[in-house]
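Residue 44 in the UniProt record's numbering is what sits at position 44 of the sequence shown, and the numbering runs on without skipping anything.
Yeah, the Cβ is synthetic: ideal placement off N, Cα and C, and Gly gets one too.
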Amino acid sequence: MHKFMSSDIEKGPLEIENLEVQSYEMNVYLVQLTIDGNTGLVFSDKDQPMRFYSAGHIREFFAHCEVANSFMTHDTPYDEMIGNPPKAKHSMALPFSMDLPY
């Protein structure tokens with residue numbers, strides 16, 4: 001899996017084939033990109049997966065990029081703990097708009 005460094009993304013516009021927002025908690029999101037056939041997470045300069053804390057944070061960070069396809073997947077570790085059935089093997093992808101509201 002490829003690593004996309006946040007500092008490289010901030011340098012200039014990129015053409016992103018897929019931008020997947022992975023929602024894990026109420027306000028913790030990771031972003032996985034596909035660029036030129038390479039897929040991987042966005043990493044911070046501390047070499048850790050970069051955490052985003054809102055949809056707006058993601059939209060602003062990638063505002064200078066051209067995103068062909070964007071979607072959100074949700075995963076929670078609590079399903080079985082709260083009596084829900086075991087989670088599906090495949091996550092459901094929901095549309096995610098990259099348009100800034102202002």
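What number of angstroms, rounded off, separates the C-alpha of residue i from the C-alpha of residue j?
{"i": "Ala55", "j": "Leu14", "result": "19 Å"}
{"i": "Met72", "j": "Asp45", "result": "24 Å"}
{"i": "Pro101", "j": "His57", "result": "12 Å"}
{"i": "Phe4", "j": "Pro95", "result": "22 Å"}
{"i": "Gly12", "j": "Glu25", "result": "30 Å"}
{"i": "Gln22", "j": "Gln48", "result": "15 Å"}
{"i": "Ala63", "j": "Asp99", "result": "8 Å"}
{"i": "Phe61", "j": "Glu10", "result": "8 Å"}
{"i": "Asp8", "j": "Tyr53", "result": "20 Å"}
Do residue i and residue j have their C-beta atoms closer together than 9 Å?
{"i": "Ala93", "j": "Glu20", "result": "yes"}
Closest by CA to residue i, which one among the options?
{"i": "Glu66", "options": "Ile9, Ser6, Asp8, Ile16", "result": "Ile16"}
{"i": "Asn18", "options": "Tyr29, Ser6, Asn38, Val28", "result": "Asn38"}
{"i": "residue 103", "options": "Met1, His74, Arg59", "result": "Since the first and last residues shown for the chain are 1 and 102, residue 103 lies out of range."}
Could you pull the DSSP bridge partners for residue i from this structure?
{"i": "Ala93", "result": "Thr73"}
Chain C beta carbons: is any one of them nearer than 9 Å to that of residue i?
{"i": "Met98", "result": "Of the chains in the structure shown, none is chain C; there is only one protein chain."}
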